[in-house]
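Participant:
Residue numbers (the working numbering): 395 to 732.
Printed below as a string of structure tokens:
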């Protein structure tokens, strides 16, 4: 009888199929497996100005956001973050790169850097998310098809690749789950300073025992909007008042629309339990988020009506929105910002 760790290693090597790793078909020869070290097919490009979108009046894409969701095993968070801190990557030097951070899920009532995941036993989509903003989808595809992708994900040799897979199985519960988004209504500020990088990646000391310090705070709201309501939902966001850029500590905002047309190696169809849209606001720290939440800018943006004004419109989602919060670490930014 194999122990749980051994089973996890075998499962991860045989079935992992995400955008950030390659699938090893264990029934094939080593030669066949080594061919998987070549880059996977690029995600099929679909222009935001195609005929269908023009006719439906969906908003045009401002950025392209690539994420990967990880379920990290209990007491393995620091080890997982160390793997990210120690990886080889040229991300910041690549054309079209705008912003990156690794996010760990938190609760507002917990202290900063508590390491407590409030949804550990509920949410199947992971307690960590890698989050990368690209200027255009073509820039993401170029990275994914190039050598920088393989270097960052242990694909320089078959041995390095298998070693990476085994290491992943020790800290992850199940395979990562990629999700890609069109970034709509993008807003960001030019940073006064950006974290220093070495050859395109952060140089951070990580001991694998303590989680990395929080470098930003991320507030998300998940929306479950049926396709029939998508146009009106986006228009409501486009029509709302936003003073985010005027708020102290604001970094970036995108309304994320799930790229359901994304195709490529290991990309699974979106399930009905997953949100079709998600608002994502990045703040310098939790204090900046709280100041915005308790201020007038929040009330204006969320339609608080004065006496005599039109009543709030009916919701367009199939179930209430779900707020989720994260601490971001290993922040990398272009000089222009996100």
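By construction, the Cβ of each residue, glycine as well, lies at the ideal position given by its N, Cα and C atoms.
Let's test the definition: count the other Cβ atoms within 10 Å of the Cβ of residue 455 and tell me whether it reaches 16, buried, or not, exposed.
Facilitator: What you label residue 455 is simply residue 61 of the chain shown in a count that begins at 1. Its Cβ being crowded by 16 or more others within 10 Å, residue 455 is buried.
Participant: Bridge partners for residue 613 per DSSP, in chain order?
Facilitator: If you number the chain shown from 1, residue 613 lands on position 219. Residue 613 pairs with 675 and 719.
Participant: Write down every uninterrupted run of the beta strand (DSSP E) in the stretch 503–540 whose length is 3 residues or greater and which is fully enclosed by it, in chain order.
Facilitator: For the stretch 503–540, whole beta strand (DSSP E) runs of length 3 or above, ordered along the chain, are 522–528.
Participant: Roughly how many angstroms separate the alpha carbons of residue 600 and residue 640, rounded to a whole number?
Facilitator: By one-based count along the chain shown, residue 600 stands at place 206. By one-based count along the chain shown, residue 640 stands at place 246. Taking the straight line joining both Cα atoms gives about 35 Å.
Participant: What are the boundary residues of the beta strand (DSSP E) that residue 571 is part of?
Facilitator: Indexing the chain shown from 1 puts residue 571 at position 177. Its beta strand (DSSP E) spans residues 571–582.
Participant: According to DSSP, simplified to helix, strand and coil, what is residue 688?
Facilitator: Here residue 688 is taken as the residue at index 294 of the chain shown, counted from 1. Coil.
Participant: Note the first and the last residue of the continuous beta strand (DSSP E) segment covering residue 460.
Facilitator: Position 66 of the chain shown, counted from the first residue, corresponds to residue 460. Here the beta strand (DSSP E) through residue 460 covers 457–464.
Participant: Take residue 604 and list the residues in its own chain whose beta-carbon comes closer than 6 Å to its own, dropping the five residues that flank it on each side.
Facilitator: Here residue 604 is taken as the residue at index 210 of the chain shown, counted from 1. Only 472 meet the Cβ criterion.
Participant: Give me the DSSP bridge partner(s) of residue 592.
Facilitator: Within the chain shown, residue 592 is the residue found at index 198, counting from 1. Note: residue 592 sits in a beta bridge opposite 595.
Participant: Taking DSSP as the reference, what is the three-state secondary structure of residue 638?
Facilitator: Residue numbering aside, residue 638 sits at position 244 when the chain shown is read from its first letter. In the structure shown, residue 638 sits in a helix (DSSP, three-state: H, G or I).
Participant: List the DSSP bridge partners of residue 726.
Facilitator: Within the chain shown, the letter at position 332 stands for residue 726. Its beta-bridge partners are 494.
Participant: What is the rounded straight-line gap between the Cα of residue 500 and the Cα of residue 718?
Facilitator: What you label residue 500 is simply residue 106 of the chain shown in a count that begins at 1. What you label residue 718 is simply residue 324 of the chain shown in a count that begins at 1. Computed Cα separation, rounded: 8 Å.
Participant: Mapping DSSP to helix, strand and coil, what is residue 650?
Facilitator: Taking the chain shown and counting its residues from 1, the one referred to as residue 650 is at position 256. Strand at residue 650.
Participant: Could you give the first and the last residue of the continuous alpha helix (DSSP H) run that contains residue 711?
Facilitator: Reading the chain shown from its first residue, position 317 is the one you call residue 711. Where residue 711 is concerned, there is no enclosing alpha helix (DSSP H), given that its DSSP letter is neither H nor E.
Participant: Can you tell me which residues form a DSSP beta bridge with residue 566?
Facilitator: The residue you call residue 566 lines up with position 172 of the chain shown. DSSP, once it has assigned bridges, lists 466 as partnering residue 566.
Participant: Do you know offhand how far residue 679's Cα is from residue 569's?
Facilitator: The residue given as residue 679 occupies position 285 in the chain shown. The residue given as residue 569 occupies position 175 in the chain shown. In a straight line, the C-alpha of residue 679 is about 30 Å away from that of residue 569.
Participant: Kindly confirm or deny that the stretch 520–535 and the stretch 621–631 touch, where touching means at least three C-beta pairs closer than 8 Å.
Facilitator: Segments in contact, no.
Participant: Starting from residue 619, trace the alpha helix (DSSP H) in both directions and tell me its first and last residue.
Facilitator: As a first step, residue 619 must be located in the chain shown, where it is residue number 225. Run containing residue 619: none; DSSP gives neither H nor E here.
Participant: Let's see if you can read the secondary structure: which residues bound the alpha helix (DSSP H) around residue 477?
Facilitator: Position 83 of the chain shown, counted from the start, is the residue given in the question as residue 477. Run containing residue 477: 471–479, per the alpha helix (DSSP H) assignment.
Participant: In whole angstroms, give me the CA-to-CA distance for residue 564 and residue 521.
Facilitator: Locating residue 564 in the chain shown gives position 170, counting from the first residue. Locating residue 521 in the chain shown gives position 127, counting from the first residue. Taking the straight line from one Cα to the other gives about 16 Å.
Participant: Please tell me whether residue 457 and residue 492 are closer than 9 Å, where the distance is taken between their beta carbons.
Facilitator: Residue numbering aside, residue 457 sits at position 63 when the chain shown is read from its first letter. Residue numbering aside, residue 492 sits at position 98 when the chain shown is read from its first letter. Cβ distance < 9 Å, so residue 457 and residue 492 count as in contact.
Participant: Taking the beta carbon of residue 726 as the centre, do at least 16 other beta carbons fall within 10 Å, making it buried, or is it exposed?
Facilitator: Against the chain shown, residue 726 aligns to sequence position 332. By the 10 Å Cβ count, residue 726 comes out buried.
Participant: May I ask you to verify whether the stretch 459–469 touches the stretch 582–589, counting CB pairs closer than 8 Å and requiring at least 3?
Facilitator: Output reads no: the stretch 582–589 does not touch the stretch 459–469.
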